[in-house]
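Numbering (our numbering), first residue to last: 24 to 416. Backbone N, C-alpha and C define an ideal beta-carbon position, used for all residues, glycine too. Note that the structure is predicted; figures quoted are calculated from it, not measured.
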Ligand code: ATP
Ligand code: MG
């Protein structure tokens, strides 16, 4: 049956060296995402990537993986046949009958990149349509405007390909094209989506999670581990997670700082730590799941005061989104059900009854003066645990 998947990529705006970097990375990422399936050679050829598949079960598994590889515009299960009009016609009949078993209207569209092939694209389309007519019943009709099915024929140097479907790919850029960033990953609904959006633009991500054991449970940490495993399905590679020991920082804040500034100062500490880890790991930005106005610590005043501790770009891909929109993506990328497991994180556990909605930078600095900031940071980093996580299917 269908012996391969034909991948089209979004090469818009890519030229010269960038384009070959993009394609090489994409081929590598596809190959890696299929690493535990039967071995095969993924090849790239003039605007297409070809992935061989072995039978229906393998087709389903392969498609499932390839749908999650960023940088792909669409994926088509395709037949490969001899560059011979008879064989192409027979292939078109098969694709048509598969797509419309009850009959319906169709149109043949041809692209010919093999300029040595004796017929032009319109001639190929006409002859294939005529062949199809001679070989199917009258429940099938040709129709140029809005046909039920467009059968696509590509005559290329390596062979002829016939397909009837363009399954949407994950779009975006291949992971690894866009440098590295750390994502502050809480276990809530938002930050896993923020990390997914980073990967979608080609960025390699590492998770940073602040853990306040025993105030927060092992289950809260497990949630974050499971979220990273979901991420790994999109990155096609292991995800590195830094579980930062945050307990003594929270205790110190509670003992030394006014309650209403607790969240502000805690988040300033988180950014300091994320920046330090980013430097250690060669990452150039910090991503968070913040969205303006969602909670007390996400007013502009709050962001201004919190952000002040770092010069590193802090990227907030969800900044203009509503909770509903974020939840929709979370469901689509399979992080939602993990995120709604009920375990508390370190933010909720010390949440004061009246957090400051408009914290002032100078006030926060003054209140922090009582803390041994460098000492606390060093201790937290020393006790940080690094995990390498991958989905075991
Ligand atoms: P989320 O749904 O991602 O938890 P949120 O709406 O609960 O976000 P906040 O609690 O204000 O919002 O956190 C804002 C952002 O700060 C999070 O999206 C995340 O990037 C980061 N963050 C919060 N808590 C933690 C934590 N324990 N570990 C790592 N990052 C955190
Ligand atoms: Mg949260």
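Counting C-beta atoms within 10 angstroms of its own C-beta, residue 411 has fewer than 16 neighbours from the protein chains shown and is therefore classed as exposed. Measuring C-alpha to C-alpha distances from residue 251 to each of 415, 83 and 85 identifies 415 as the nearest. For residue 175, the three-state secondary structure derived from DSSP is strand. In the three-state reduction of the DSSP assignment, residue 344 falls in the coil class, being assigned neither a helical nor a strand state. By the neighbour-count definition (other C-beta atoms within 10 Å, threshold 16), residue 135 is a buried residue.
In this structure residue 225 is in contact with residue 198, their Cβ atoms being roughly 6 Å apart against a cut-off of 8 Å.
For residue 313 and residue 202, the gap between their C-alpha atoms comes out near 21 Å.
If you draw a straight line from the Cα of residue 404 to the Cα of residue 188, it is about 51 Å long. For residue 115, there is no enclosing beta strand (DSSP E); the enclosing alpha helix (DSSP H) has its first and last residue at 108-122. Closer than 7 Å to some heavy atom of the ligand MG: that describes the Cβ of residue 209. In the three-state reduction of the DSSP assignment, residue 185 falls in the strand class, which pools E and B.
Taking a cut-off of 8 Å for Cβ pairs, the region 25-32 and the region 88-98 touch, as three or more such pairs fall below it. The residue among 302, 321 and 364 with its C-alpha nearest the C-alpha of residue 344 is 321. In this structure residue 195 touches residue 223 by the C-beta definition: roughly 4 Å separates them, less than 8 Å.
For residue 127, DSSP records a beta bridge to 163.
Nearest C-alpha to residue 262 among 308, 204 and 269: 204. Using a cutoff of 7 Å, the CB of residue 249 does not count as near the ligand ATP, since none of the ligand's heavy atoms is closer than that. DSSP places residue 85 in the uninterrupted alpha helix (DSSP H) bounded by 78-89. In this structure, DSSP gives residue 335 a state outside helix and strand, which the three-state scheme calls coil. Relative to the ligand ATP, residue 238 has its C-beta separated by 7 Å or more from all heavy atoms. Secondary structure of residue 406 (DSSP, three-state): coil. Residue 227 counts as buried, since no fewer than 16 other beta carbons sit within 10 angstroms of its beta carbon. Proximity to residue 108 across 281, 155 and 56 peaks at 155, based on C-alpha coordinates. Sequence-distant Cβ neighbours of residue 219 in its own chain, meaning closer than 8 Å and more than five residues away, are 254, 257, 352, 356 and 358. In this structure, residue 311 places its C-beta atom within 8 Å of the C-beta atom of residue 217.
Closest in alpha carbon position to residue 191, among 93, 363, 70 and 376, is 93. Between residue 45 and residue 168, the alpha-carbon positions lie close to 36 Å from each other. Taking C-beta separations shorter than 8 Å and ignoring five residues to either side along the sequence, the partners of residue 391 in its chain run 280, 288 and 291, following chain order. Within the region 250-298, the complete alpha helix (DSSP H) segments at least 4 residues long are 270-279, listed from N- to C-terminus.
As computed with DSSP, residue 135 is found in a beta bridge with 178. For residue 75, the enclosing beta strand (DSSP E) begins and ends at 71-75. Beta-bridge annotation (DSSP): residue 191 is paired with 97.
Under the DSSP assignment, residue 229 falls in the beta strand (DSSP E) whose first and last residues are 227-234. About 6 Å separates the beta carbon of residue 266 from that of residue 244, a gap short enough to meet the 8 Å contact definition. Taking the Cα positions, residue 338 is about 49 Å away from residue 117. Boundaries of the beta strand (DSSP E) around residue 30: 27-32.
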